[in-house]
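Enquirer: Chains as they are written, first to last, in our numbering: chain A, 990 to 1326; chain B, 990 to 1326.
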DNA sequence: AAAAATGCTGGAATCGTTTCCATGCACGGT
DNA sequence: ACCGTGCATGGAAACGATTCCAGCATTTTT
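In structure tokens:
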């Protein structure tokens, strides 16, 4: 063990060294009013003693821990990693620490994590909600400043309704993609969705109908958050419905699964099926074939959400960030399989 | 605003409701000794009042905030994301929150973050160190429980020397890879390294020499942490040295850059150059050609590091986890370009 | 039966900060 | 010369837990 003996220097030590009261030290250090002379004395003493205020005392007194909590489904997923990076980058400029929890898209784990946030008195939280809105009610009621990122909580119960949300323009992204695919002649278009992407699924159905293509419930496959589940859903879809000629996947994990499953089942992309993936990841370009994607501003979503939660003042209810279709080589004209 | 008026229920409320003293409540709730009867009363009262102890009070009293700090160079890099996931998963089983900071592999940012950890009185930290060992001395001296993951701090100054480290078996991984490449006939093997990978570079040189292949300093290219820098290094290397027939990259970002650069410069993999990448990422299999990689147990590294920092008791100084060469299709026999 | 040991219990101190409030001083207006 | 106003200042009270310690009741030992 090292110098575990020496006590941390406290505000009291500084006060003593500067010959003033603790209140004055606190005021000087947190920008309150003080005479130039006192300010100087205090600053000098603080520097001399190498004083660093402890967040512990402050937090207790303020009855809230500084920093922001961040809840994402899976930090391993490039999308959420980039989202987290955005949050971290904004928080850094405010000097606030960020505490991350991984929900695994499991409402139960989410609840546990919410409990932890409450125990820590985190009063600023950014979350990609997994559970239903009800789970968030108590938190909101206790005055925590919550911002949802990348999804809304569903169903939208009363209180959750006015939590600010930062979203990508799923609707626009889906519409562009579907228009692009129908333009290539595709009619049997499938959607590989993960739980919690009902927003995108709805947009998908709407987009199809707007183009006069009948939506078929069976062409919407659902997967859980894991890679295994994604693969199973992708493989299942391709086997069950040899008539689909295009697939839209709701995220990069599902896209990966689709490519893998197609390869395994000897379904050629884009010859046999065209593929569009939600979320542009670095490897989309390296893939064979390079994947056409709907790029998502993941980092921006995180950054904006952090701004909303950190900046006081009036907050808009919904921020929508643009999605963009990036055409590479995974889509081709419709050819019956 | 919602019910911001209602005060949080404290231990005092519970004590009153149960008709006992606060000390007793605290003991019951943290597993101290108490009579069965009192225990019951306290538990009932706590449940009735929906009491959740506040970490704030506890932390102040204990003079340390719970939870663990985690410092990684880049959360967007799949390797560190998986490492973080390991940490989070272990911490979850201890019920400890994890505060993440991104250093960008920049010693200065690392120092800032260390400062933040101290301000927060985090006394348990897992870090992928970027700066030199000196930056860590003050922290260690102040009694913080530090574990390094994935790299050592260099240079190894006195105090840092006995910080536990959890590493992948770089040496073994590099050796296997180099043996594999020489086995295919390659002699001009380049290493694309990122700053801070001196460990791997050294192992690379050793492995070559052990096989009687002269090491050539010019065949070791260095890049900074960014994708741009990685690409520049990769492209530079391939252009500068048309004689290299095999490339080993120190990480997945560099691997990505190498594939991209090769494609751009019309260098075929594996026909013109063979490629082995450190770190197996999901897309390595999707890449064209599928990449031969040295798989790294990133998640395990994080998990083990978290165990070391969370579990009290004697701690081993170094934990080395195995690397594994996974052969796919990015290497072929040597053919002069 | 007295003494010692053991086990529960609750009051009070403590952690390091912020902030309320009372005090004292200087200054300007009447 | 007096009083009100304003500002700088420091003491003390929070904040919500843990934990030391002394007090008491009970049991065990001598």
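Think of the CB as a built atom: it goes at the ideal place given N, C-alpha and C, for glycine as much as any other residue.
Name, in chain order, the residues that DSSP records as bridge partners for residue 1193 (chain A).
Expert: In the first chain, the residue the question calls residue 1193 (chain A) occupies position 204. Partner(s): none; residue 1193 (chain A) has no beta bridge.
Enquirer: So for residue 1319 (chain A), helix, strand or coil by DSSP?
Expert: Walking along the first chain from the start, residue 1319 (chain A) turns up at place 330. In this structure, residue 1319 (chain A) counts as coil in the three-state DSSP scheme.
Enquirer: With 9 Å as the limit, tell me which residues of the region 1128-1162 of chain A have their beta carbon closer than that to any beta carbon of chain B; keep them in chain order.
Expert: Listed by position, the residues of the region 1128-1162 of chain A near chain B (Cβ gap below 9 Å) are 1129, 1130, 1131, 1132 and 1148.
Enquirer: Residue 1091 (chain B) bridges to which residues according to DSSP?
Expert: Counted from its first residue, the second chain places residue 1091 (chain B) at position 102. Per DSSP, B:1061.
Enquirer: For residue 1290 (chain B), which residues in chain A fall below 7 Å Cβ to Cβ?
Expert: Start at 1 with the first residue of the second chain, and residue 1290 (chain B) comes out as number 301. The contacting residues do not exist; residue 1290 (chain B) stays about 14 Å from chain A at best.
Enquirer: Residues of the region 1260-1286 of chain A in Cβ contact with chain B at a cutoff of 7 Å, in chain order, please.
Expert: Residues 1271, 1272, 1275, 1276 and 1277.
Enquirer: Give me the DSSP bridge partner(s) of residue 1163 (chain A).
Expert: For the purposes of this step, residue 1163 (chain A) is identified with residue 174 of the first chain, where counting begins at 1. Residue 1163 (chain A) is not bridged to any residue.
Enquirer: Let me make sure I understand the geometry here. Which of A:1055, A:1075 and A:1014 has the alpha-carbon closest to that of residue 1289 (chain A)?
Expert: For the purposes of this step, residue 1289 (chain A) is taken as residue 300 along the first chain, with counting starting at 1. Nearest C-alpha to residue 1289 (chain A): A:1075.
Enquirer: So what's residue 1254 (chain A) in DSSP terms, helix, strand or just coil?
Expert: The count along the first chain starts at 1 and reaches residue 1254 (chain A) at position 265. Here residue 1254 (chain A) sits in coil by DSSP.
Enquirer: Give the single residue among B:1160, B:1130, B:1271 and B:1234 whose Cα lies nearest to the Cα of residue 1171 (chain B).
Expert: Within the second chain, numbered from 1, the residue matching residue 1171 (chain B) stands at position 182. Minimum Cα distance to residue 1171 (chain B) is reached at B:1234.
Enquirer: Would you mind telling me which residues of chain A sit closer than 7 Å to residue 1041 (chain B), beta carbon to beta carbon, in chain order?
Expert: Position 52 of the second chain holds residue 1041 (chain B). Here the neighbours are 1107 and 1108.
Enquirer: Residue 1259 (chain B) to residue 1319 (chain B), Cα distance in whole Å?
Expert: Position 270 of the second chain holds residue 1259 (chain B). Position 330 of the second chain holds residue 1319 (chain B). Cα to Cα, the separation comes out at about 5 Å.
Enquirer: Nearest chain B C-beta to residue 1194 (chain A) closer than 8 Å, yes or no?
Expert: Mapped onto the first chain, residue 1194 (chain A) falls at position 205. Output row for residue 1194 (chain A): interface = no.
Enquirer: Does DSSP put residue 999 (chain B) in a helix, a strand or coil?
Expert: Taking the first residue of the second chain as position 1, residue 999 (chain B) is located at position 10. DSSP places residue 999 (chain B) in coil when its eight states are reduced to three.
Enquirer: So residue 1090 (chain B) and residue 1129 (chain B) are supposed to be a Cβ contact under 8 Å. How far apart are they, rounded?
Expert: Residue 1090 (chain B) sits at position 101 when you count from the first residue of the second chain. Residue 1129 (chain B) sits at position 140 when you count from the first residue of the second chain. Their Cβ separation, rounded to whole angstroms, is 17 Å, which puts residue 1090 (chain B) and residue 1129 (chain B) out of contact at 8 Å.
Enquirer: Going by beta-carbon coordinates alone, are residue 1282 (chain A) and residue 1268 (chain A) separated by less than 8 Å?
Expert: Counting from 1 along the first chain, the entry for residue 1282 (chain A) is found at position 293. Counting from 1 along the first chain, the entry for residue 1268 (chain A) is found at position 279. Result yes, Cβ atoms of residue 1282 (chain A) and residue 1268 (chain A) sit closer than 8 Å.
Enquirer: Tell whether a beta-carbon distance below 8 Å holds between residue 1072 (chain A) and residue 1169 (chain A).
Expert: In the first chain, residue 1072 (chain A) corresponds to position 83, counting from 1. In the first chain, residue 1169 (chain A) corresponds to position 180, counting from 1. No. Outside cutoff.
Enquirer: At the level of alpha carbons, what is the spacing between residue 1226 (chain B) and residue 1049 (chain A)?
Expert: Position 237 of the second chain, counted from the first residue, corresponds to residue 1226 (chain B). Position 60 of the first chain, counted from the first residue, corresponds to residue 1049 (chain A). Near 55 Å, if we compare the C-alpha coordinates of residue 1049 (chain A) and residue 1226 (chain B).
Enquirer: Below 8 Å on the Cβ atoms is my guess for residue 1080 (chain B) versus residue 1299 (chain B); work out the distance and round it to an integer in Å.
Expert: Against the second chain, residue 1080 (chain B) aligns to sequence position 91. Against the second chain, residue 1299 (chain B) aligns to sequence position 310. Confirmed, Cβ separation roughly 7 Å.
Enquirer: Kindly list, in the order they appear in chain A, the residues whose Cβ is closer than 7 Å to that of residue 1073 (chain B).
Expert: Translated into positions along the second chain, residue 1073 (chain B) becomes position 84. By Cβ distance, chain A contributes 1064.
Enquirer: Below 8 Å CB to CB, which residues in the same chain sit around residue 1144 (chain B) once its five sequence neighbours on both sides are set aside?
Expert: Within the second chain, residue 1144 (chain B) is the residue found at index 155, counting from 1. Answer for residue 1144 (chain B): 1121 and 1122, listed in chain order.
Enquirer: What does DSSP give as the partner residue(s) for residue 1236 (chain B) in the beta ladder?
Expert: For the purposes of this step, residue 1236 (chain B) is taken as the residue at position 247 of the second chain. DSSP, once it has assigned bridges, lists B:1179 and B:1264 as partnering residue 1236 (chain B).
Enquirer: Could you name the residues of the region 1003-1018 of chain B whose beta carbon sits closer than 7 Å to any beta carbon of chain A, in the order they occur along the chain?
Expert: Answer in chain order: no residues at all.
Enquirer: Any Cβ of chain B within less than 8 Å of the Cβ of residue 1088 (chain A)?
Expert: Numbered from 1 along the first chain, position 99 holds the residue referred to as residue 1088 (chain A). Judged by the 8 Å Cβ criterion, residue 1088 (chain A) is in contact with chain B.
Enquirer: Is the shortest distance between the beta-carbon of residue 1253 (chain B) and the beta-carbons of chain A less than 8 Å?
Expert: What you label residue 1253 (chain B) is simply residue 264 of the second chain in a count that begins at 1. Output row for residue 1253 (chain B): interface = no.
Enquirer: From this set, A:1230, A:1037 and A:1042, which residue's C-alpha is nearest residue 1011 (chain A)'s C-alpha?
Expert: The sequence position of residue 1011 (chain A) within the first chain is 22, counting from 1. The option with the nearest alpha carbon to residue 1011 (chain A) is A:1042.
Enquirer: Leaving aside the five residues before and after residue 1256 (chain A) along the sequence, list all residues of the same chain whose C-beta is less than 7 Å from its C-beta, in chain order.
Expert: Counting from 1 along the first chain, the entry for residue 1256 (chain A) is found at position 267. Same-chain partners within the cutoff: 1227 and 1262.
Enquirer: Could you work out which residue in A:1301, A:1055, A:1196 and A:1035 is closest to residue 998 (chain A) when comparing CA atoms only?
Expert: For the purposes of this step, residue 998 (chain A) is taken as residue 9 along the first chain, with counting starting at 1. It is A:1035.
Enquirer: Quick one, are the C-beta atoms of residue 1044 (chain A) and residue 1119 (chain B) less than 8 Å apart?
Expert: Within the first chain, the letter at position 55 stands for residue 1044 (chain A). Within the second chain, the letter at position 130 stands for residue 1119 (chain B). Contact flag unset, no.
Enquirer: Is it buried or exposed, residue 1294 (chain A), if we count other Cβ atoms within 10 angstroms and call 16 or more buried?
Expert: In the first chain, counting from the first residue as 1, residue 1294 (chain A) sits at position 305. When all chains shown are included, residue 1294 (chain A) counts as buried.
Enquirer: Report the CB separation of residue 1025 (chain A) from residue 1014 (chain A) in whole angstroms; it is logged as a contact under 8 Å.
Expert: Taking the first chain and counting its residues from 1, the one referred to as residue 1025 (chain A) is at position 36. Taking the first chain and counting its residues from 1, the one referred to as residue 1014 (chain A) is at position 25. In fact, because the Cβ distance is near 15 Å, the residues do not count as touching under 8 Å.
Enquirer: Which runs of the alpha helix (DSSP H), 4 residues or longer, sit entirely within the region 1017-1081 of chain B?
Expert: You should have 1025-1038 and 1044-1051.
Enquirer: Whole angstroms are fine: how far does the CA of residue 1285 (chain B) sit from the CA of residue 1311 (chain B)?
Expert: In the second chain, counting from the first residue as 1, residue 1311 (chain B) sits at position 322. In the second chain, counting from the first residue as 1, residue 1285 (chain B) sits at position 296. If I take the Cα positions, the gap works out to 8 Å.
Enquirer: So that I know if they touch, is there some Cβ in chain B lying closer than 8 Å to that of residue 1070 (chain A)?
Expert: Numbered from 1 along the first chain, position 81 holds the residue referred to as residue 1070 (chain A). It does: the Cβ of residue 1070 (chain A) has a partner Cβ on chain B nearer than 8 Å.
Enquirer: Determine whether the Cβ of residue 1245 (chain B) lies closer than 8 Å to any Cβ atom of chain A.
Expert: Within the second chain, numbered from 1, the residue matching residue 1245 (chain B) stands at position 256. True, the Cβ-Cβ gap to chain A drops below 8 Å.
Enquirer: Under 8 Å between C-beta atoms, does residue 1248 (chain A) make it to chain B?
Expert: In the first chain, counting from the first residue as 1, residue 1248 (chain A) sits at position 259. So, interface residue.
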